[in-house]
Every structure is written in structure tokens, then in C-alpha cells.
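A.B. asks: Taking the numbering used here, the leading residue of the sequence shown gets 508, the next gets one more, and so forth.
Just passing along the structure, written as C-alpha cells.
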Amino acid sequence: MRGYRRRSGLAYLLGVAAACGLTFSVIAALLQLPDTAWWGLRARADGIVRRVAEGSPAARAGVEKSDRVILFGGQPWALSELVSAKPGDTVRARIRATDDAEREVALRAEPMPGPERVRKILFGVVALSFLLTGLVVYLSRSDAVANLFAAMCLLFAHQVAPAAPPTSFAGLFAKKLLLDLSTLALPSVVLHFFLLFPQRARFLRAGAYRSWLLYVPAILAMPLAIRFDLDLFQTGRISSAAEVFEATSALVFVAMIAWGVASFLRGVRSTESPPLRKSLRWVLPGTAAGILPPLAFAALLNVVPDLELPFENYAFATLVLVPLTFGHAIVRYGLLDLQLVVKRSVLYAAVTAAVVVAYWLVAEIVAGLVGRSGNERTIVSFAVIFAAALLSIPARERIDRWLDHLLYRDRFDYRRTVRRFSNHFATMIERDQLGQLLVNRIPELLQTERAVLFLRTSRDEALRIAGTRGLGVAEIPLPIFHPSRELQRWWSEYEGPVPVASAERTPDRFAQLPPEEAALLEAIDPRLLVFLPRERRLEGLLLLGPKASGERYRADEFELLATLGDQGGTALASSRLHEEALERRRLEEELAVAKRIQSSLLPTCIPAPDGIEIAALTRPCREIGGDFYDFLELGVDGLGLAVADVSGKGVPAALILSGLQATLRAEASPDAEPGPIVQKVNRRLCQAVESGNFATLLYGHLDVRRRSFRYVNAGHPAGLVVRRGGAVQRLEEGGLLLGMMPGAEYEGGETTFSDGDLLVLYSDGVTDVLNAEDEEFGLPRLERLLPRLAHLDSRAVIDGIVSAVEQFVGGAPDDDVTILVARFRATPPPAPSPA
């Protein structure tokens, strides 16, 4: 409920005076019922008789339905309330029949019968119910919704309240005029209330000026109503223009109230706050059942005045459901704090009475000093009281604060609350639990209508939505944002909760903030920004909406929220650090597992076939890499060589490597060609890994006896063969990367080796590394380097390659390095067989 503004002392006194005055009027009218004359005659304002009760004085006098009462006790029927009579008195009336024949009849008044008296009492009860409920809300809250609800109750009560007959022409005119004006104002007030409660309708969100548009029909109609009332009292007749005006205005105002009820129903359906939905469960049907029947009945009578309906006498009695259902919500579901309302009402009434007595004493003293008497003394007393009331309005602010302190002192125990929250902050480790505690428990403690909590993410300084109360997540336009310097400046200036005025009071209140941040706060419409810091770092932000009571946040609540904000920020920081520590431990465990997996993939020993010297090295740039090499035994003279590189790092890459190695070992055989084997590996990899993961592989069969090498290069850096004369051959035949296309085909190549030749297989960590000038080591540089190393043994060749790469980079390369070197030596001739 938005639009909170402190009510002025004059408005407070006028509202209470209007409710009390109407209450006294209703009670006085009910007390006069035994002495009220009853004629059994009910006619329209123009004198046309609508109903004559059987056995009534009017029936015995011969008055019939559709007759016109011209004069009643010497007065036109429109002024018949001026006729003063009691049970037993006789009044003469001039009647005109439907055939224009006139006659004069005598009506002897009787005491009001039981059913009629019950009807009057019932209407009095309805009026008092409205007045009591409206007064309770008016005294307990001072927001726009409370003011509108109190005004609606007052106007409804004025419509149905029984009133004592006026004793003068001026009194009757004032009564008629006030009744007409309240009738015109009621639809606008009802529509305005339902457009605000339980949620602000879209019509009012476009601007504050739209709320004034709701009152334009009533404002335009009021001068016409005054003019028609003057004509009525001057002529004693209702003009045809007045009848058209009444019918038209009735239809317009019924449409307005229907719009309001529809908005109310829509607001109830879209309400997401469980406590508010629970409190509105009976208000919805009670309001609809209470308002719609009398409105429909009134509209029908304005269109068809002679219509008689069943239960016509008690049609307006359903209005009692409206205050009763609201009262039920107040008492049963805590829509308002009833105990606080009663205490506050009694104290305010006592203070008001004391102030009135003080005013009266001062007025009497002043009037005595000036020596006035009679009417002059009364005028002087009234002037002194009015002037004193105006001058004392600023003092009422201090009285309010004193009473609020007296009333709210036991709302919560400060130390006990802080101690309870401290225990929760100390024992809760999970950030989700801390977030739910902050976003739910604090609003419950302060009876706040809505709250939104943002918490800092572990990766950066951004704040992400962590919980809401009274608002749906879909209503928040920005679920994650970086606090601007302007917003953090508020935190630095206040060093505690930052109060925020309502949007209606300061529409440009967020003008200095970035547009996205301003739109976020406009959508939430908070009254307090509670920062949750740890040292000078913001761990979270709690946005609190208006209080359900409509009151402002008090100094002790600011102090409490400042303390809880500091403690909550510390607890959130500890929870975040704990989560980060757990994440680091999890990563360390994952790296340990991946390292064990990768170590298990590497061969435990390097084969040494006759005439071939083999050496291999894999060195990850981090703890876990994505490279591996392998040797596969393929019969007596066969050896499988494989060098692979998998995308990614850590456990996922290690698992892909293990799967690739297992498939390769399962499919490899002396009789199988490398091409089909690699196709099967690719197909299995496409099925086993997610899209976006891939591997490169250079795999071949080395025939030790024939010194031939049949291979497939699946997207891997080209293997190199360094001939004894220094020439370099690239091994590039193959196909796509593994894991890209399940149906990819791979065509292999073949090469042979001579004595002194060198086979070098490697990963892209050798050729793709960059130096400080962003220059790549590159394949040509490696091809120029290898002939200079060809005279060395296999291990020395690997060391020379690694040394050249490190010298080029200026340190350890930032990628995994894997190298496999096979040197082909001259084989001794076979020993002669023994004779």
C-alpha cells in the first residue's frame, strides 16, 4: 500500500469529528423511534405514492398507489419532513388521483410498527458498523488507502443512517444537500479505494494526476445537484431535468463502482503475498455480496421508480457485510494490529479530550477577560478554540511521537531480538538459510508489507536476487545488478539504513541513479534500504517496503536494522568464504582425482624393440593436462603409437582421455587398419561426450621388422619424419577432429624408415605457443630445429625441443607439451645358426 503521508492535525480532528457527529446523530435517531409518527405511506420525491402498507393510517384514509401527494400538513411533499407530529396527531393531506381528481384526507399518526422499527434499527446498525470500522482504520493508519476506506465508510453510513426529522426549513435543506453531495462523492471514493487496494491498478501508475480524474464526474455534477435542490425547495416540485439528471448520474456512478469492484477482484487474483491473500479470503465475497445488491436495487429504482421488489425494505441491509468482513480480516488475520489500534484510539481520545478541555478553559478565561456575554461570548470562545487548535497542530507531532513510543515500546525487546538473530547468524552456514532469515523474519518482526533481498555473488561484486516477500520475482525487472557509486554513496553517508520517500511524494527520488538501477528501485518502491556490509565491502542489500500499519519507521527500528545489517553482512561474508573454501577443496580433490586418472593412462614403461630407440614426455602446464601418449602391443613385430590432445582440463578432460584410450585399446589389433579403428573411436566419442568437446589423435601401426608406419591423423599436428640427410616429411593424412561428426571417414597414410631416421610425434603445445611479441613458435621453426638434433639420442632430442620452446617463450609454455620420439638405428645382422 503506497502513498503514505503523515496526516495533519486538522485532518485528524475533522475526520474524528465527522465520524463522531454522525454516530451521535444515528444514536439520537434510534432513541427517538418510539416517538416517531408512522403514516404507512411511502412516496417518491415528486409525491407519487409507491407503496401503502395494509391497515396503515394512509390505507384507512383511502390513499392508493400511484396517487400524488400535493400537500401534506400544509407543505409540499418534498418538504413533508418539516411537519412535526407524534403518534395520535392528525395531519390533513391533499391527494390527486390518477384521473386528476383531488381530495383532502385526514391521516391519524400511529406508533411505528415492529417490522418498520426493525428496519430502522437494522439500518442504524449498518451505519454504526461502517462508522466503527472506518474510525478504527482511520485512527490506526494514515496512508492513502486508510483515508479512502474511512471516507468510504463515512459516506456509506451517511447514506443508510436513520436521522431525526429536521425542525426547520434550513435544517431540511442542509440535510437534503449533504445527502445529495455524499451520494455524488461516494462512487469516486469507492473507485479510488478499489484501484489502490489490494494492489495499485495500472490506471493509477501512469501519474498522480489520474487519481484526480476519478473525481471529475462528481465535481461536475455537484453544481447541478445544488441548483436542482434550490429549485425543489423554491417550488416544492422536482423538475423533469432533475429526474433526467438523477437517472443519468445513477448509471454513470454504478458503472464507476462496477469498475472499482472489477479492479478489486483483479487485484485479489494477482496478489502473491500469502498473508495478504489469506486476509482477503473473506473480504472478497463479503464486499461483493454487500455492495452489489443495494447498488442494483438503487439503479433499478432510478430507472423504474414504481417497481416493487421482494425484500425491498431490507435491500440495503447487505451493506453490513462490508465492515464485518473487513473487521473479520482485522481481528482474525492481522490485517491491522487490533490491540495496538484499541490502545492508540483510547490514548488519542484521552489526549484529544484533555486538549479540548484545555482549549475550552482558555477560551472561557479569554472571554471573561474581554467582558463578553451571550452570543458574543460564544463567538469569542469559538474563535479562541479555533485559533488555539491551529496553533497547536505542530505540537501534535510531538504528542504522536510520545504516544508511539509509549505504544510501541513493548513491540519487541531490542536486546532479545539482537541476541536471537546473533544466535541464528552464528549457527547458520548456508547462504540460502541466512537469506531466508533476513527476507522473512525481519519483515515479520516489523510488520512490513514487502521485502526484497539481494546478495553478493562469489565471483564478483554483483548483487543477485536471493529472496522476496510480498512480491513475485517476475515483478522485479533486474534480478542481478552492480551497485552504482551513487547507491554506495548513500550507504557511506548514512552508515546505516537509508530512508526512502514514497514515489508519490518525490517522483524524481532516483534521478541520480543509473537508469536500470532506478527502474529496479521504482518497481520495488522501498521505504528503507538496509545495507549488509562486511568492513567496506557490500555483501547484500535488503529493501523494505512500507509497514502494514502505515506508520513510518522509528528511531529504535533504525538502530535495530543497523545492528542486524552489520551482523548479517558479517554472517554472509563468513558463509561466502566458507563456500569458497569448500569450492577450492572440491577443485583440489577433483584435480587429485584427475591427476591419478591421467597418471594411470600413461604407460608404466617404454617399449624397446630391436633397432628402435623410443622416448616420450608429457608435461602439463597446470596440474592436469589434456594430452597423453600410449603404446599398444600388436603381435611380435607390431607396435601401436598414439598421441592425443583433448579439449578442456581437469577431471572432464581426464575422463574423455580414459574413454578414448579404452576404445583405442579395445579396437586395436595387428590385422586392423588404423583408419577403421579411428572411425570407431570417433563414433564412440561422439556418443559419449557433450557437444563442443573434441579430441585430436595421431595413431599408427609401426611394423618393427619392415620398419613401416601406417597412420591416421585425426586433426592432430602433423607428425614429422627426419631423414638421415636432413629432409623432413610431414604425416598429415587422416580426417576431422574426433567428436565432431559421427559419420566422419578417415583415410590413412604410410611411410617407411631407414637407418638414422627420426620419427617425432607431438602436441600443439610445441608449435602453437606464443612469445612476448605474440609470435608463434610454429611448425617451420620446428622443422628447421629437428635436423640439428637428429644426431642425438631420443631423450636428448626431446630435451632439445623443450629447451628451444622455453627459450622462445621466455619460460615454461602455457600449454601442455607432449613429445614422442623414435630413432631407427642400424640393426646388427642376425647371428649364424650353429652347424
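Glycine included, C-beta positions come from ideal geometry on N, C-alpha and C.
On a predicted model such as this, the values are computed, not experimentally measured, just so you know.
Suppose the cutoff is 6 Å on Cβ atoms and the five residues either side in sequence are ignored; what does the same chain contact list for ALA749 look like?
C.D. replies: Around ALA749: PHE735.
A.B. asks: Have a look at ASP1152 and LEU1167 and give me their C-alpha separation to the nearest angstrom.
C.D. replies: Between ASP1152 and LEU1167, the C-alpha separation is close to 10 Å.
A.B. asks: Checking the sheet assignment: what are the DSSP bridge partners for ASP1137?
C.D. replies: Note: ASP1137 sits in a beta bridge opposite ALA1149.
A.B. asks: Below 7 Å CB to CB, which residues in the same chain sit around ALA1195 once its five sequence neighbours on both sides are set aside?
C.D. replies: Excluding positions up to five away in sequence, the list reads GLY1166.
A.B. asks: Return the Cβ separation of ASP1322 and ASP1271 in integer angstroms, given the expectation that the two are a contact with Cβ distance under 8 Å.
C.D. replies: Yes, they are in contact, since the Cβ atoms of ASP1322 and ASP1271 sit about 7 Å apart, within 8 Å.
A.B. asks: Give the secondary structure of ALA824 by DSSP, where H, G and I count as helix, E and B as strand, and everything else as coil.
C.D. replies: Helix at ALA824.
A.B. asks: Are TYR645 and GLY522 closer than 7 Å when you measure CB to CB?
C.D. replies: Result yes, Cβ atoms of TYR645 and GLY522 sit closer than 7 Å.
A.B. asks: For SER1261, does the three-state DSSP call read helix, strand or coil?
C.D. replies: The answer is coil: DSSP assigns SER1261 none of H, G, I, E or B.
A.B. asks: Sorted by chain position, which residues of the same chain lie with C-beta nearer than 6 Å to HIS931's C-beta, five sequence neighbours on each side aside?
C.D. replies: The answer, listed in chain order, is LEU944.
A.B. asks: At a cut of 8 Å, does the stretch 596 to 615 reach the stretch 555 to 574 through at least three beta carbon pairs?
C.D. replies: Cβ pair count under 8 Å is three or more, so yes.
A.B. asks: Name the DSSP beta bridge partners of GLU1252, please?
C.D. replies: Looking at the DSSP assignment, GLU1252 forms no beta bridge with any residue, so it has no partner.
A.B. asks: Which residues in the same chain as ARG976 place their Cβ atom closer than 7 Å to its Cβ, once the five residues preceding and following it in sequence are excluded?
C.D. replies: Closer than 7 Å at the Cβ level, and outside the excluded window around ARG976, lie VAL946, ASN947, PRO950, ARG957, ALA958.
A.B. asks: For the beta strand (DSSP E) containing HIS1346, name the first residue and the last one.
C.D. replies: The displayed coordinates of the chain run from 508 to 1342. Any statement about residue 1346 would go beyond what the structure contains.
A.B. asks: Please state if the CB of GLY1250 and the CB of GLU1240 are separated by a distance shorter than 7 Å.
C.D. replies: In this structure, GLY1250 does not lie closer than 7 Å to GLU1240 by Cβ.
A.B. asks: Are the stretch 1227 to 1237 and the stretch 1177 to 1191 in contact at 8 Å, needing three or more beta carbon pairs?
C.D. replies: Judged by Cβ distances under 8 Å, the stretch 1227 to 1237 makes no contact with the stretch 1177 to 1191, as fewer than three pairs qualify.
A.B. asks: Please work out which residues of its chain come closer than 6 Å, Cβ to Cβ, to LEU1068, disregarding the five sequence neighbours upstream and downstream, and give them in chain order.
C.D. replies: Hits under 6 Å: PRO1004, VAL1037.
A.B. asks: On the premise that LEU1049 lies in contact with THR955, defined as a C-beta separation below 8 Å, what is that separation, rounded to the nearest angstrom?
C.D. replies: At roughly 10 Å, the Cβ-Cβ gap does not stay under 8 Å, so THR955 and LEU1049 are not in contact.
A.B. asks: Would you kindly work out how many angstroms separate the C-alpha atoms of LEU1139 and SER1176, rounded to a whole number?
C.D. replies: So the two alpha carbons sit approximately 9 Å from each other.
A.B. asks: Since ALA613 and GLY595 are thought to touch, with beta carbons under 8 Å apart, how far apart are those beta carbons, to the nearest angstrom?
C.D. replies: Between GLY595 and ALA613 the Cβ distance is about 13 Å, and since that is not below 8 Å, they are no contact.
A.B. asks: Just curious, the alpha helix (DSSP H) that ILE1184 is in, first and last residue?
C.D. replies: Residues 1181 to 1195.
A.B. asks: Check whether the Cβ atoms of LEU941 and ALA1078 sit closer than 7 Å, and answer yes or no.
C.D. replies: Against a cut-off of 7 Å, the Cβ pair of ALA1078 and LEU941 comes out as a contact.
A.B. asks: Evaluate contact between the stretch 629 to 645 and the stretch 522 to 541, counting only Cβ atoms and requiring at least three cross-stretch pairs below 8 Å.
C.D. replies: In short, these stretches touch, since the Cβ pair count reaches three.
A.B. asks: Is the CB-CB distance between LEU1265 and ARG1330 below 7 Å?
C.D. replies: Yes, the pair counts as a contact, with Cβ atoms nearer than the cut-off.
A.B. asks: Quick check: what's the CA-CA separation for ALA1169 versus ALA1179?
C.D. replies: For ALA1169 and ALA1179, the distance between alpha carbons rounds to 16 Å.
A.B. asks: How many Å lie between ALA1122 and ARG1302 at the Cα?
C.D. replies: Cα-Cα distance, rounded: 6 Å.
A.B. asks: Could you give the C-beta distance for LEU1238 and ALA1221, rounded to a whole number, given that I count them as a contact under 8 Å?
C.D. replies: So it is not a contact: roughly 12 Å between Cβ atoms.
A.B. asks: Which residues mark the beginning and the end of the alpha helix (DSSP H) in which ASN654 is found?
C.D. replies: Taken as a continuous stretch (DSSP letters only), the alpha helix (DSSP H) holding ASN654 covers 651 to 667.
A.B. asks: Please give me, in chain order, every unbroken run of the alpha helix (DSSP H) with length at least 4 that falls completely inside the stretch 560 to 595.
C.D. replies: Entirely contained in the stretch 560 to 595, the alpha helix (DSSP H) runs reaching 4 residues are, in chain order, 564 to 567.
A.B. asks: For GLU1282, count the other beta carbons within 10 Å of its own beta carbon; 16 or more makes it buried, fewer makes it exposed. Which is it?
C.D. replies: Classification of GLU1282: exposed, given that the 10 Å Cβ count is below 16.
A.B. asks: So ALA526 and LEU638 are in contact, right, with Cβ under 8 Å, and what is the actual spacing, rounded?
C.D. replies: Going by Cβ atoms, the distance from ALA526 to LEU638 rounds to 5 Å, so yes, they are a contact pair.
A.B. asks: Distance, Cα to Cα, VAL1324 vs PHE1201?
C.D. replies: Computed Cα separation, rounded: 18 Å.
A.B. asks: If you check the beta carbons only, do PRO1181 and GLY1145 fall under 7 Å apart?
C.D. replies: Not a contact, by the Cβ cut-off of 7 Å.
A.B. asks: Going along the chain, which residues of its own chain have a beta-carbon closer than 7 Å to the beta-carbon of PHE701, five neighbours each way excluded?
C.D. replies: Around PHE701: GLY767, VAL768, SER770, PHE771.
A.B. asks: What are the partner residues of ALA494, as DSSP defines its beta bridges?
C.D. replies: There is simply no residue 494 to check, as the chain begins at 508 and stops at 1342 in what is shown.
A.B. asks: Return the Cβ separation of VAL790 and THR825 in integer angstroms, given the expectation that the two are a contact with Cβ distance under 8 Å.
C.D. replies: Wrong, their Cβ atoms sit about 15 Å apart, outside the cutoff.
A.B. asks: In terms of alpha-carbon separation, which member of SER1198, HIS989, ALA725 lies closest to ALA757?
C.D. replies: Ranking the options by Cα distance to ALA757, first place goes to ALA725.
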